[in-house]
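Colleague: When you line the sequence shown up against the numbering used here, it's residues 1 to 640, in that order.
Think of the CB as a built atom: it goes at the ideal place given N, C-alpha and C, for glycine as much as any other residue.
There's a structure below that I have some questions on.
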Amino acid sequence: MNFSTFNAVQTNTSQQVSANQPLSLRQDQVFHGTIKQLYPNQMAEVQVGNQKLMAKLEVPLKLGDAHFFQVTATNPQTELKVITGPMSQSMTSGQQMSQLLETMNLPKSNEMQQVLSHFMKAQLPLAKEQLLAAESWMKNLPAGVDKNNALQALQRMVELKMPFTNTVFQALTQGIKTDGMSANLANLAQLLANQSGGNEAIKSSLLQHIDQLAKPLNNETGGILLARATQNLMDNNLPIASKLQTLTVLKEAGILPQNATLQNWQTVNQQGSQQSVNQVQTTATPLFKEAGQMLQQLGQTSSEQIKPMLEQVRAWINNESLLSSTQKQQLQQLLTRFEQIPASKQAVEALVNQLRQQLTNAYSENVTPRLFMQNDQGLTAKDQLFTLLKPDANLPVAEQLLRNLVKVTADSPQPVMQSALTQAEGQVQAAVDGRAMEQAIKTVLKGLGVSYEATLANKAGDIQGIAQQIKPQLLALLQDVQTPAAIKDAAEMVMARLNGMQLTSGENGHQHQLVMQVPLNFFGKKMDATLQWNGRMKEDGKIDANFARILFYLNMETLQQTVIDMQVQNRVVTINIYNDMPNLDSLATSLKGTLKSGLLEKEYTLSGLFIKPFADQGEKTVTKLSNQREDEQGGVDIRV
């Protein structure tokens, strides 16, 4: 079975859009209609498909006759011109199309006939210039684009009143693909690396960020390396030579400055809080979320304000889910001992240094066992550790520096560094779970720049960080007139895939559709994943989590083509898995308990898991399969 597109669900959505939206005509459009009612002054009611409109006719016509009409005016009223004679019911669609082609002086190519036939069946209006453009696009379809999918894309452009341009057409035809995006990115990366010409800075930056997508969990590897480096520097039993080697690596990665030493490495990056003492609030609610920020503000607190600040620090420690109970207890004991002495400036400085040392040690210990765990502010143990070492660095900078640490370690000629990297990668691989997959998908989507336009429109996020995403860099590459043609073609293909996600996503009343294409690479294993979510919105504008239809199209190296059809009704989940690999049922059975408990954590109930081979009927779609009775399809059913 070939499921390279999700056109079946797409077609259903298009039909709903067509039925729900009022007919909108513009000048020069042509459509097939039937005279349903005649009125004075040559006014008539014309039926177009399932809809009717009032229009003024240039010449009187006979009730019940069917014609092809052309719109000659839309304001102040719709005016129509008859461009073909009456179409009798005995005329075939081919005869009707032949008459229209001759009347409008259109080419009789196979592509033109395909386009015209499709729009005649769909009862949609189309202008002559649109027909000519569509014919040209159909003649030059890129490799891998099915003609039926291309016709559906043309229909969607008309129904949703999209700009009728080749850019939109290519985006729609590429947007419904469920595989090949990894290959598109790899092809672009190869051209960027091997072809000269164009803006070398843009090419180099784009190549770097495409390479980063291939390792979506690289930050976690960097976090483990950072934790191990921190523990080495704090280990009094480690030889000085080993500590200096670790210090050098952190300097080369940019995490520590060049003037860092074994004595000052914990404090060399502490520049002091930008917040003045007078601005420090004394509310009972913690005014910080990062460990580094908390220590900076504590160090800036006057002796008069130290008591309420300590209460905030205590509350912060109690609420920090990334610390163990023992670590929290030790930190609280440190605060209790401080409260028993006069709160001088020197005492506060000593407290800050002791807290920093204990927190640095605690977070470095917790990075690996709590690798993908986040606290209430969305921070991980590696994030908190980084804020202690480099408090002025924002999240995008921290992520880049962690990637630098991985690269510096990988490039090191020292066997001990290579061993540390191999061990860190193994620990990340062993810790991969659902949260890891979520983190990887978020990292890839963010890196691609899927929400680039929305982020700019809302003026949200770090502008410098947004500019580093792939989509804005592709735009810069395409706008550069010096960019070689081969690179530009490859960049346009990737851009079409990104735009296609947005164009194939949308809403129809309360019904919404969201499409995401995610090229994933885990530990050398490449996978193209496409997610198609169909659901509805509640009256308050929020997603109704009780009802949804989610389709996952996966193309993996081992399991090959796989489709997961997940349907949610009143928070009861039914899952159909389509895959031709034998004995997949045994693996699924062993994982059923994990799946069931994971859904229960989110307040969902698993009703059944059905594993079936793909149908033998060629192009039969998963959408049609999922509507059949389960007992008619065979395969393995796991009922809960």
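Can you tell me whether Thr-285 is buried or exposed, with buried defined as 16 or more other CB within 10 angstroms of its CB?
Modeller: Residue placement at Thr-285 is poorly supported in this model, since its pLDDT is 39, which falls under 50; the coordinates still yield a value, given next. Counting Cβ neighbours within 10 Å, Thr-285 comes out exposed, since fewer than 16 surround it.
Colleague: When you compare only the Cα positions, how much space is there between Ser-324 and Tyr-363?
Modeller: Their Cα atoms are separated by approximately 10 Å.
Colleague: Determine which residues share a DSSP beta bridge with Leu-554 and list them.
Modeller: Ala-529, Thr-562
Colleague: Could you give the C-beta distance for Thr-409 and Ala-420, rounded to a whole number, given that I count them as a contact under 8 Å?
Modeller: 6 Å
Colleague: For Gln-617, does the count of other Cβ atoms within 10 angstroms reach 16, so buried, or fall short, so exposed?
Modeller: The predicted position of Gln-617 is uncertain, since its pLDDT is 34 and thus under 50; a value taken from the coordinates is nonetheless stated next. Counting Cβ neighbours within 10 Å, Gln-617 comes out exposed, since fewer than 16 surround it.
Colleague: Across which residues does DSSP place Tyr-39 in a beta bridge pair?
Modeller: Tyr-39 pairs with Met-43.
Colleague: Taking DSSP as the reference, what is the three-state secondary structure of Gln-114?
Modeller: Residue state, collapsed to three classes: helix.
Colleague: In the structure shown, what three-state DSSP assignment does Val-280 receive?
Modeller: Note on Val-280: pLDDT 40, under 50, position unreliable in the model; the coordinate value appears next. Coil at Val-280, not helix or strand.
Colleague: Should the region 178-196 be called in touch with the region 549-559, which here means at least 3 C-beta pairs below 8 Å?
Modeller: yes
Colleague: Which residue from Ile-550, Lys-161, Pro-40 puts its Cα closest to that of Arg-26?
Modeller: Lys-161
Colleague: Mapping the DSSP letters down to three states, classify Lys-446 as helix, strand or coil.
Modeller: Three-state DSSP puts Lys-446 in a helix.
Colleague: Enumerate in chain order the residues of its own chain whose CB-to-CB distance from Gln-274 is below 6 Å, with the five nearest sequence positions on each side excluded.
Modeller: Its pLDDT being 41, under 50, Gln-274 is placed unreliably in this model, and the coordinates cannot settle the point.
Colleague: Looking at the structure shown, is Asn-394 part of a helix, part of a strand, or coil, going by DSSP?
Modeller: coil
Colleague: So, are the CB atoms of Ala-490 and Asn-187 less than 8 Å apart?
Modeller: For Ala-490 and Asn-187, yes; Cβs fall inside 8 Å.
Colleague: Could you have a look at Met-294 and say whether DSSP puts it in helix, strand or coil?
Modeller: helix
Colleague: Going by DSSP, which residues form a beta bridge with Thr-34?
Modeller: Gln-47, Ala-66
Colleague: May I ask which residues mark the beginning and end of the alpha helix (DSSP H) holding Val-348?
Modeller: Here the alpha helix (DSSP H) through Val-348 covers 345-366.
Colleague: By DSSP's criteria, Thr-605 is part of a beta bridge. Which residues make up the other side?
Modeller: Answer by DSSP bridge pairing, in chain order: Val-572.
Colleague: Pick helix, strand or coil for Glu-507, following the three-state DSSP scheme.
Modeller: strand
Colleague: Please check the pair Leu-225 and Val-406, which I expect to be a contact at CB under 8 Å, by giving their CB distance rounded to whole angstroms.
Modeller: 7 Å
Colleague: Just to confirm, is the Cβ distance from Phe-372 to Asp-433 under 8 Å?
Modeller: yes
Colleague: Can you tell me whether Glu-320 is helix, strand or coil according to DSSP?
Modeller: coil
Colleague: List the DSSP bridge partners of Tyr-578.
Modeller: Partner(s): Val-563, Lys-612.
Colleague: At 4 residues or longer, and completely inside the region 150-234: list those alpha helix (DSSP H) runs for me, N to C.
Modeller: 166-175, 181-194, 200-213, 218-234
Colleague: On the criterion of 16 or more Cβ atoms from any shown chain inside 10 Å, does Gly-197 qualify as buried, or is it exposed?
Modeller: Label assigned to Gly-197: exposed.
Colleague: I'd like the list of long-range same chain contacts for Val-444, defined as Cβ closer than 6 Å, with 5 residues on each side in sequence excluded.
Modeller: Leu-213, Pro-216, Val-518
Colleague: Determine the extent of the beta strand (DSSP E) in which Glu-79 is found, giving its start and end residues.
Modeller: 79-82
Colleague: Could you pull out every residue in the same chain whose Cβ sits closer than 7 Å to the Cβ of Gln-42, ignoring the five residues on either side in sequence?
Modeller: Taking C-beta separations shorter than 7 Å and ignoring five residues to either side along the sequence, the partners of Gln-42 in its chain run Lys-56, Leu-57, Pro-60, following chain order.
Colleague: Here's a check: name, in chain order, each residue in its chain whose Cβ is nearer than 8 Å to the Cβ of Gln-560, leaving out the five neighbours to either side.
Modeller: Asn-579, Asp-580, Met-581
Colleague: Under 6 Å Cβ to Cβ from Ala-436, same chain only, skipping five residues before and after it: list those, please.
Modeller: Within the same chain, Ala-436 has close Cβ partners Phe-372.
Colleague: Would you report the Cα separation of Ile-564 and Leu-456, rounded to the nearest angstrom?
Modeller: 34 Å
Colleague: Starting from the C-beta of Lys-108, find all residues in its chain whose C-beta is less than 6 Å away, skip the five residues before and the five after it, and write them out in chain order.
Modeller: Leu-101
Colleague: With respect to the alpha helix (DSSP H) encompassing Glu-135, which residues constitute its N-terminal and C-terminal limits?
Modeller: 128-139
Colleague: Going by the beta-carbon positions, is the gap between Met-112 and Leu-141 smaller than 8 Å?
Modeller: no
Colleague: With 16 other CB atoms within 10 Å as the buried threshold, where does Glu-129 fall?
Modeller: exposed
Colleague: Going by beta-carbon coordinates alone, are Met-138 and Leu-116 separated by less than 8 Å?
Modeller: no
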